[in-house]
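Peer 1: Please see the structure below; I have some questions.
4 protein chains.
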Amino acid sequence: MRKRLYEVIFEADTPAGKAFDVALLIAIVTSVLALMLESVAEINAHYGPTLRAIEWAFTVLFTLEYVLRLACVQRPARYALSFFGIIDLLAVLPTYASLLVPGSHALATVRIFRVVRVFRVLKLARFIGESHALMRALRASFHKITVFLVVVISLVVVTGSLMYYIEGPDNRGFTDIPTSVYWAIVTVTTVGFGDITPQSPLGRGIASLLMIAGYGIIAVPTGIFAAEFARLPAPSVSTQVCPSCLAEGHDPQAVFCYACGSKL
Amino acid sequence: MRKRLYEVIFEADTPAGKAFDVALLIAIVTSVLALMLESVAEINAHYGPTLRAIEWAFTVLFTLEYVLRLACVQRPARYALSFFGIIDLLAVLPTYASLLVPGSHALATVRIFRVVRVFRVLKLARFIGESHALMRALRASFHKITVFLVVVISLVVVTGSLMYYIEGPDNRGFTDIPTSVYWAIVTVTTVGFGDITPQSPLGRGIASLLMIAGYGIIAVPTGIFAAEFARLPAPSVSTQVCPSCLAEGHDPQAVFCYACGSKL
Amino acid sequence: MRKRLYEVIFEADTPAGKAFDVALLIAIVTSVLALMLESVAEINAHYGPTLRAIEWAFTVLFTLEYVLRLACVQRPARYALSFFGIIDLLAVLPTYASLLVPGSHALATVRIFRVVRVFRVLKLARFIGESHALMRALRASFHKITVFLVVVISLVVVTGSLMYYIEGPDNRGFTDIPTSVYWAIVTVTTVGFGDITPQSPLGRGIASLLMIAGYGIIAVPTGIFAAEFARLPAPSVSTQVCPSCLAEGHDPQAVFCYACGSKL
Amino acid sequence: MRKRLYEVIFEADTPAGKAFDVALLIAIVTSVLALMLESVAEINAHYGPTLRAIEWAFTVLFTLEYVLRLACVQRPARYALSFFGIIDLLAVLPTYASLLVPGSHALATVRIFRVVRVFRVLKLARFIGESHALMRALRASFHKITVFLVVVISLVVVTGSLMYYIEGPDNRGFTDIPTSVYWAIVTVTTVGFGDITPQSPLGRGIASLLMIAGYGIIAVPTGIFAAEFARLPAPSVSTQVCPSCLAEGHDPQAVFCYACGSKL
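Now the structure itself:
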């Protein structure tokens with residue numbers, strides 16, 4: 436019985452497992468849409484009670500599902516502390532928290548991240564393979580990206596301070612260093628909101644250098660990632676999830692889990 | 436007679452076919468320019484009737500062409516439901532619709548997409564080859580891009596909700612979750628309109644993280660596409676269109692359609 | 436005598452040729468800076484006559500140089516119609532034109548493009564090699580970029596018309612289709628000025644799709660260029676310019692011009 | 436004694452050296468945070484004296500460290516003129532300068548760049564290897580990037596002048612050529628603050644061309660860097676710093692410095 440439940444909830448290889456995952460996908464998207472619409476004043480005035488009822492219905496459903504997941508998995512603690520275990524919990528907590536802190540149920544939209552799991556349903560293996568490929572490429576360039584981020588953060592801190600020193604007294608925007616650093620981040624990432632802008636010739640000159648630097652800097656992570664990605668072999672994995680340690684990405688022919696050795 | 440018409444309208448290998456396609460290209464661009472100019476108040480005040488006459492003339496012409504295309508192709512239903520068949524229909528509908536819904540003829544600019552077809556005229560094979568190469572590279576990375584899009588959409592929904600929760604009460608911009616999600620999209624894509632901006636220190640901190648994430652995220656589709664594109668062999672196709680199934684991209688030496696086997 | 440002049444003005448292999456090119460580089464940058472400063476009201480009030488004198492001095496100098504170039508090159512017509520010949524002429528015309536049309540001397544900053552030529556001086560061969568490599572990579576991806584541009588232009592025309600139809604009546608920004616197309620270009624290129632922004636939920640939804648599309652579209656030219664560039668062999672050329680046809684990019688061992696066969 | 440001090444301060448191979456570098460990392464980040472918070476008016480009103488005390492404590496500490504570094508290195512002049520020697524000096528100067536020029540201590544945030552050095556502590560070799568790889572890729576594409584920058588600068592100068600000529604008289608934003616060039620940089624880098632925007636149809640047309648050009652231009656440095664980076668072999672270096680010439684990036688098996696031949 437417990438094994439059967441496990442197969443339906445955690446796997447997507449059986450018809451029942453697929454149906455469960457599709458229903459879950461629809462429930463997640465519907466509940467997030469309800470949460471978003473509820474925040475719109477006009478819609479809330481007309482359909483507020485209905486939307487709140489929908490929200491509570493889905494929250495109770497997701498809570499039940501979370502309890503069932505804990506009940507049918509071999510190592511509940513391991514699941515509870517895994518990425519998806521935490522997301523599953525965070526998906527229901529804000530609605531209960533809204534009983535104490537009004538308005539906090541808006542944060543329940545975090546349940547959208549649960550959608551990532553249901554990739555397993557739609558041409559599963561390939562999608563999981565793709566996300567594994569993305570993950571491996573990101574992990575391979577982790578060190579380079581850390582070095583890169585430290586350089587970028589140093590750059591925005593120094594440029595922000597410099598702009599605060601130059602523009603500060605006369606310009607309403609650059610009120611303190613944290614605000615100036617925020618402006619430098621907005622500029623170097625080429626977002627450019629325009630709520631804070633340099634006015635003095637010197638400030639504009641430094642801003643120009645920062646923008647051209649940002650233009651060049653954008654090339655660095657792209658180049659790193661493209662090179663790393665080009666080295667990856669084509670992925671080929673199954674959609675099996677280990678019932679004991681929840682590891683994914685097993686070889687299609689695998690009989691035992693590569694991580695803990697238990698039978699799949 | 437019908438076969439001759441087909442060669443003139445659908446193909447660009449004969450002098451008549453080329454001339455037809457060049458004339459069509461000019462007609463499309465002229466009619467789109469007329470539509471754009473008509474919407475400008477000053478120009479409309481002076482040349483309104485002329486521009487409306489031009490628009491109707493081209494619409495009647497394009498309607499006639501659409502009927503001829505239906506008449507001379509072997510399988511009219513197949514053409515009518517193909518990408519170009521739908522565009523050809525949408526290119527004339529808005530002008531007729533403007534008799535019922537005033538102003539809707541502005542949407543007739545969709546006929547600009549018909550220009551894509553007339554690539555066949557200008558050094559045809561190479562252009563078609565290029566667009567096939569682009570298409571194949573996009574299709575090859577379709578799964579990776581879907582995974583990527585789901586992650587980005589989840590990210591903007593959660594960040595938007597968080598910003599609504601943090602900035603909401605005091606900031607005129609973040610009025611509801613859909614608006615906040617719109618802001619998150621504007622920010623993560625580095626567009627940065629600046630009509631909605633965070634004001635609180637915490638909101639600015641989260642915005643900074645989102646911008647730096649967006650900076651890194653922009654590297655992912657570029658890296659995917661560059662890697663996929665580098666793997667493509669040089670394309671080599673003819674401009675022949677199958678008269679029976681409308682398939683394009685035939686080998687220059689091909690005598691029969693690769694899709695349905697009928698004679699080219 | 437004429438050959439000696441040619442070597443000084445057109446080549447950078449002799450000490451005199453190098454000195455001439457360095458002096459020219461300094462003159463160009465100085466004259467452009469003078470033009471820029473002259474336009475600033477405060478600086479013009481104090482140093483206007485001096486700056487105008489500098490401008491006229493450089494213009495007379497550049498005119499003299501242009502005449503000498505025409506005099507010493509073997510085929511003056513060919514030089515006059517080459518890219519650099521036209522730039523050299525445009526570099527002096529606006530100052531003379533300002534006698535008839537006041538203010539037009541601002542356009543004399545076009546002479547900054549002359550700087551590109553003096554790359555020949557600074558570690559010449561390598562720089563020319565690099566710019567040739569860039570040019571070849573751009574030319575190789577010309578067809579792909581044309582297809583790409585036509586798709587982008589079609590996209591902004593259709594999106595602009597759609598936004599004009601949706602936002603038009605209520606929003607001061609989307610006054611006519613050309614303005615809406617301008618907004619679509621500002622958005623799809625992720626520039627995002629924010630002077631025109633959608634206000635209706637539907638308009639914001641379409642803008643979001645356009646921004647995410649723009650995000651993905653930016654990957655296409657980068658991927659094309661990166662792939663094309665990776666295929667290029669390391670360049671190795673000399674700084675010789677053919678005295679007869681002005682062709683550049685000769686092999687270091689070349690004795691005859693690859694384009695016209697005359698002796699180098 | 437001096438050699439022992441050198442190992443603690445300059446190296447990170449011994450436990451004492453690691454502990455010193457970790458302490459330094461914490462001190463740098465703390466002092467920069469104190470400087471940033473001090474600039475916020477509200478926080479300064481409450482904790483101003485405390486933050487100023489922290490700042491002076493760290494400045495005295497860093498000064499002491501700078502003197503010790505000078506004392507224990509074999510060639511003090513070489514260290515003082517190296518990149519990190521200059522940063523170490525600039526890290527303390529602004530606080531002392533603030534005694535003469537009030538407010539200049541904001542510039543002491545430049546000490547954040549010292550963080551780059553302490554990469555040596557955290558899984559050292561790999562991080563140094565990564566930054567060396569980044570540096571080599573940047574150096575390899577230096578010539579191409581210079582050519583690219585000259586073209587971009589020429590483009591913004593000419594476009595800025597053109598916009599000043601077209602928009603100048605009627606538009607408050609384009610007051611002089613330097614401001615217009617600043618606008619062109621903001622536009623071509625896709626930052627798009629929106630504080631200065633074209634209003635005339637012709638100005639918007641030119642801005643559109645500039646934006647589409649910027650869109651394509653962004654592909655150039657990315658393509659260069661990606662291609663250059665893909666050619667790099669995997670780096671493998673130690674964290675040893677030569678005590679005599681301060682060169683980094685030695686082979687793990689190296690016994691003598693590759694740059695000056697002295698014993699490591």
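Residue numbers (my numbering), protein chains in the order written: chain A, 436 to 699; chain B, 436 to 699; chain C, 436 to 699; chain D, 436 to 699.
For every residue, glycine included, the Cβ atom is placed at its ideal position computed from N, Cα and C.
Put G651/B into one of helix, strand or coil per three-state DSSP.
Peer 2: The residue you call residue 651/B lines up with position 216 of the second sequence. Here G651/B sits in helix by DSSP.
Peer 1: Which complete beta strand (DSSP E) runs does the region 583-663 of chain A hold, if anything under 3 residues is left out?
Peer 2: Those beta strand (DSSP E) runs which fall completely within the region 583-663 of chain A and span 3+ residues do not exist here.
Peer 1: Who are the Cβ neighbours of P511/D in its own chain at under 6 angstroms, not counting the five residues just before and after it?
Peer 2: Locating residue 511/D in the fourth sequence gives position 76, counting from the first residue. Only L505 meet the Cβ criterion.
Peer 1: For a test of the three-state rule: what should DSSP assign to A476/A, helix, strand or coil?
Peer 2: The sequence position of residue 476/A within the first sequence is 41, counting from 1. Three-state result, A476/A: helix.
Peer 1: If you reduce the DSSP assignment to three classes, tell me which class D448/D lands in.
Peer 2: To locate residue 448/D, count along the fourth sequence from 1; it is residue 13. Coil, per DSSP.
Peer 1: If you measure from the beta carbon of F609/D to each beta carbon in chain F, is any gap under 7 angstroms?
Peer 2: Among the protein chains of the structure shown, namely A, B, C and D, there is no chain F.
Peer 1: Out of R574/A, R639/A, F628/A and S576/A, point me to the one whose CA is closest to I601/A's CA.
Peer 2: The residue labelled residue 601/A in the question sits at position 166 within the first sequence. Residue R639/A is the option with its Cα nearest to I601/A.
Peer 1: What does V661/C touch in chain B if you count any residue whose Cβ is under 7 angstroms from its own?
Peer 2: Translated into the one-based positions of the third sequence, residue 661/C becomes position 226. The displayed chain sequence assigns Ala, not Val, to residue 661/C. Ordered by position in chain B, the residues that pass the 7 angstroms Cβ test against A661/C are A661.
Peer 1: Can you pull out the residues from the region 618-652 of chain D whose beta carbon lies closer than 7 angstroms to at least one beta carbon of chain A?
Peer 2: If the cut-off is 7 angstroms between Cβ atoms, the region 618-652 of chain D has I620, V621, T624, T625, V626, G627, F628, G629 and D630 near chain A.
Peer 1: Does DSSP put V672/B in a helix, in a strand, or in coil?
Peer 2: Sequence index remark: in the second sequence, residue 672/B carries index 237 (1-based). Only weak support exists for where V672/B lies, its pLDDT of 45 falling under 50; the coordinates are left without a value.
Peer 1: Which residues, in chain order, does the region 538-551 of chain D contribute to contact with chain B at a C-beta distance below 8 angstroms?
Peer 2: Within the region 538-551 of chain D, no residue qualifies.
Peer 1: Check each candidate in L470/D, T494/D and V593/D and name the one with the smallest Cα separation from L486/D.
Peer 2: In the fourth sequence, residue 486/D corresponds to position 51, counting from 1. Considering only alpha carbons, the answer is L470/D.
Peer 1: Counting only Cβ pairs nearer than 7 angstroms, list the residues of chain A close to S474/D.
Peer 2: For the purposes of this step, residue 474/D is identified with residue 39 of the fourth sequence, where counting begins at 1. Chain A residues near S474/D: Y599, D611 and I612.
Peer 1: S579/A: buried (16+ other C-beta within 10 angstroms of its C-beta) or exposed?
Peer 2: Stepping through the first sequence from its first residue, residue 579/A is reached at position 144. For clarity, residue 579/A is Lys in the given sequence; the question names Ser instead. Buried, by the Cβ-count rule.
Peer 1: Taking buried to mean at least 16 other C-beta atoms within 10 Å of its own C-beta, is R437/A buried or exposed?
Peer 2: For the purposes of this step, residue 437/A is taken as residue 2 along the first sequence, with counting starting at 1. Answer is exposed; the Cβ neighbour count stays below 16.
Peer 1: Can you find a CB in chain D that lies within less than 7 angstroms of the CB of T657/C?
Peer 2: Working through the third sequence from its first residue, we reach residue 657/C at position 222. Closer than 7 angstroms: yes.
Peer 1: Look at T625/D and L645/D and say whether their C-beta atoms are less than 7 angstroms apart.
Peer 2: If you number the fourth sequence from 1, residue 625/D lands on position 190. If you number the fourth sequence from 1, residue 645/D lands on position 210. Against a cut-off of 7 angstroms, the Cβ pair of L645/D and T625/D comes out as no contact.
Peer 1: V593/A CB to nearest chain D CB: under 7 angstroms?
Peer 2: On the first sequence, position 158 is the one that residue 593/A refers to. At least one chain D Cβ lies under 7 angstroms of V593/A.
Peer 1: Taking 7 angstroms as the threshold (beta carbon to beta carbon), is M471/C in contact with chain D?
Peer 2: Numbered from 1 along the third sequence, position 36 holds the residue referred to as residue 471/C. Answer yes: the Cβ-Cβ gap between M471/C and chain D drops below 7 angstroms somewhere.
Peer 1: Please go through the same chain and pick out, in chain order, the residues whose beta-carbon is closer than 6 angstroms to the beta-carbon of S466/D, but skip the five residues on each side of it.
Peer 2: Mapped onto the fourth sequence, residue 466/D falls at position 31. Once the five neighbours on either side are set aside, the close Cβ partners of S466/D are F493.
Peer 1: Rounded to whole angstroms, what's the CA-CA distance from L499/C to I521/C? Just pull it up for me.
Peer 2: Numbered from its first residue, the third sequence carries residue 499/C at position 64. Numbered from its first residue, the third sequence carries residue 521/C at position 86. Distance between the alpha carbons of L499/C and I521/C: 15 angstroms.
Peer 1: Determine whether the Cβ of A572/D lies closer than 7 angstroms to any Cβ atom of chain C.
Peer 2: Here residue 572/D refers to the residue found at position 137 of the fourth sequence. With 7 angstroms as the cut-off, A572/D does not count as an interface residue toward chain C.
Peer 1: Which chain C residues sit within Cβ distance under 7 angstroms of V467/B?
Peer 2: Locating residue 467/B in the second sequence gives position 32, where the first residue counts as 1. Those are V592, listed as they occur along chain C.
Peer 1: According to DSSP, is V527/D helix, strand or coil?
Peer 2: Within the fourth sequence, numbered from 1, the residue matching residue 527/D stands at position 92. In this structure, V527/D counts as coil in the three-state DSSP scheme.
Peer 1: Against A575/D, what residues of chain C qualify as contacts under a CB-to-CB distance less than 9 angstroms, listed in chain order?
Peer 2: Taking the fourth sequence and counting its residues from 1, the one referred to as residue 575/D is at position 140. Chain C residues near A575/D: none, gap ~10 angstroms exceeds 9 angstroms.
Peer 1: Within a Cβ cutoff of 8 angstroms, which residues of the same chain sit near R628/A, ignoring the five residues on either side of it in sequence?
Peer 2: Along the first sequence, read from residue 1 onward, the residue named residue 628/A stands at position 193. Rather than Arg, the amino acid found at residue 628/A in this sequence is Phe. Once the five neighbours on either side are set aside, the close Cβ partners of F628/A are V621.
Peer 1: Taking only the alpha-carbon atoms, compute the straight-line gap between I409/D and P484/D and give it to the nearest angstrom.
Peer 2: Chain D is shown from 436 up to 699; residue 409/D falls before or after that span and cannot be answered.
Peer 1: Provide the residue span of the alpha helix (DSSP H) that contains P537/D, from first to last.
Peer 2: For the purposes of this step, residue 537/D is taken as residue 102 along the fourth sequence, with counting starting at 1. Neither: P537/D is in no alpha helix (DSSP H) and is coded neither H nor E.
Peer 1: Quick check on A654/B - is its C-beta less than 7 angstroms from some C-beta in chain A?
Peer 2: By one-based count along the second sequence, residue 654/B stands at place 219. True, the Cβ-Cβ gap to chain A drops below 7 angstroms.
Peer 1: So, with DSSP's three-state summary, where would you put R510/B?
Peer 2: The residue labelled residue 510/B in the question sits at position 75 within the second sequence. Coil at R510/B, not helix or strand.
Peer 1: Indicate whether V443/C and F455/C have their beta-carbon atoms separated by less than 7 angstroms.
Peer 2: If you number the third sequence from 1, residue 443/C lands on position 8. If you number the third sequence from 1, residue 455/C lands on position 20. In this structure, F455/C lies closer than 7 angstroms to V443/C by Cβ.
Peer 1: Compare the beta carbon distance of V596/B and L542/A with 7 angstroms and say whether it is the shorter of the two.
Peer 2: Walking along the second sequence from the start, residue 596/B turns up at place 161. Walking along the first sequence from the start, residue 542/A turns up at place 107. Per the sequence presented here, residue 596/B reads as Ser, with Val not at that position. Going by C-beta atoms, S596/B is nearer than 7 angstroms to L542/A.
Peer 1: Is it the case that the Cβ atoms of P656/A and G651/B are separated by a distance below 7 angstroms?
Peer 2: By 1-based counting over the first sequence, the position of residue 656/A is 221. By 1-based counting over the second sequence, the position of residue 651/B is 216. Result yes, Cβ atoms of P656/A and G651/B sit closer than 7 angstroms.
Peer 1: DSSP three-state call for M436/B: helix, strand or coil?
Peer 2: Locating residue 436/B in the second sequence gives position 1, where the first residue counts as 1. It is coil, neither helix nor strand.
Peer 1: Apart from the five residues on each side of it in sequence, which residues of its chain come closer than 8 angstroms, Cβ to Cβ, to L637/B?
Peer 2: The residue you call residue 637/B lines up with position 202 of the second sequence. Taken in chain order, the residues that qualify are I601.
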